[in-house]
Amino acid sequence: MTSTKIHSANTRVALVAGATGLVGQAILALLIADQRYSSVHVIGRRAPNVQHPKLAAHISASLTDWACPAVDDVFIALGTTIKVAGSQAAFKAIDGDAVVAIASKAKAQGATRLAVVSAMGASTQSGVFYNQVKGDMEAAVSQLGFETLVIARPSLLAGDRDELKQPERVAEKLSLIAFKWLKPLIPANYQSINASSVAEAMVGTLSTAGSGKHVLLSGDMQK
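Under our numbering, the residues of the sequence shown are numbered -14 to 208, in order.
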């Protein structure tokens, strides 16, 4: 028999992984401003570019070997590319293994709700390596037993990576330009989407959705 946590106002504790990325930094800003949260923990390889009394940063070279604090809600927005990671194995270690490890650690520390960034096309049966890793990750976190699980599947993310001092993604920039001109012809689920819209959908859905798994397609999150 499982016990249900009872929270009064301003007492929830959140964990954010990937807070220096496009979606993660937007999630972090929302949680800091959200009065339902008394504190926000961040796990990452570098500190976020923000300071706040509610914020506690945990900097670790390893995203799979660190001491997770007791938390209620988990937001995971880890994401890279095979080119940036350097190999398929390195990509899987971040977008797959690290996501599952962080979720598992948080669950062991009492977390009951998880929101995670995946991708359109995620499938364990996909012939595309990127999508298969995302699909395997979704399957793994679905087995962890969270009361509420929100999976966000955005299309190509739009946002200012230069401001975040992230590596330039030339192909991504060219795709965003093409998407802008071809938008009327592209189905909503495959149009580019602002990272802030994804963050708002994740935070909003996790706070209002009931128990079970909730999948947000890119078109659902468009604003």
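Even glycine gets a Cβ: it sits at the ideal position worked out from N, Cα and C. Every value quoted in this text rests on a predicted model; they were computed, and no experiment measured them.
1) Using the Cα positions of R138 and H199, report the straight-line distance between them to the nearest angstrom.
2) Does the Cβ of I79 have 16 or more other Cβ atoms within 10 Å, making it buried, or fewer, making it exposed?
3) Determine which residues share a DSSP beta bridge with T133 and list them.
4) Count the C-beta pairs between the stretch 72 to 86 and the stretch 20 to 40 that are closer than 8 Å, then say yes if the count reaches three, no if not.
5) Along the alpha helix (DSSP H) that carries G120, what are the first and last residues, could you check?
6) Can you have a look at R31 and say buried or exposed, based on whether 16 or more other CB atoms are within 10 angstroms of its CB?
7) Relative to the C-alpha of G189, which residue among Q128, D50 and L15 is closest?
8) Residues in the same chain with beta-carbon distance under 6 Å from Q151, minus the five sequence neighbours each way, listed in chain order, please.
9) Quick check: A(-1) and D58, are their CB atoms within less than 7 Å of each other?
10) Excluding the 5 residues flanking A107 on each side, which residues of the same chain have their C-beta closer than 7 Å to its C-beta?
11) Could you check whether A104 and M187 sit closer than 7 Å to each other, using their CB atoms as the reference points?
12) Would you report the Cα separation of G204 and A173, rounded to the nearest angstrom?
13) Let me see if you follow: with CB-CB separation under 7 Å, is I87 close to chain C or not?
14) Compute the Euclidean distance between the alpha carbons of Q94 and T66, then round it to the nearest angstrom.
15) Between the alpha carbons of Q207 and A96, how many angstroms are there, rounded?
16) Report the CB separation of V102 from V8 in whole angstroms; it is logged as a contact under 8 Å.
Let me spell this out:
1) About 11 Å.
2) Flag for I79 reads buried.
3) R98 and G197
4) no
5) F114 to S127
6) exposed
7) The shortest Cα separation from G189 among Q128, D50 and L15 belongs to L15.
8) For Q151, the predicted structure reports a pLDDT of 49, less than 50, and the residue's modelled location is therefore unreliable. A value from the coordinates is still provided. Excluding residues within five positions, none has a Cβ falling inside 6 Å.
9) yes
10) N116, K119, G120, E123 and R138
11) no
12) Across the structure, G204 and A173 are spaced so that their CA atoms are roughly 5 Å apart.
13) Considering every chain present, this structure includes no chain C. It has just one protein chain.
14) 30 Å
15) In this model, Q207 and A96 are separated by some 28 Å (Cα to Cα).
16) 6 Å
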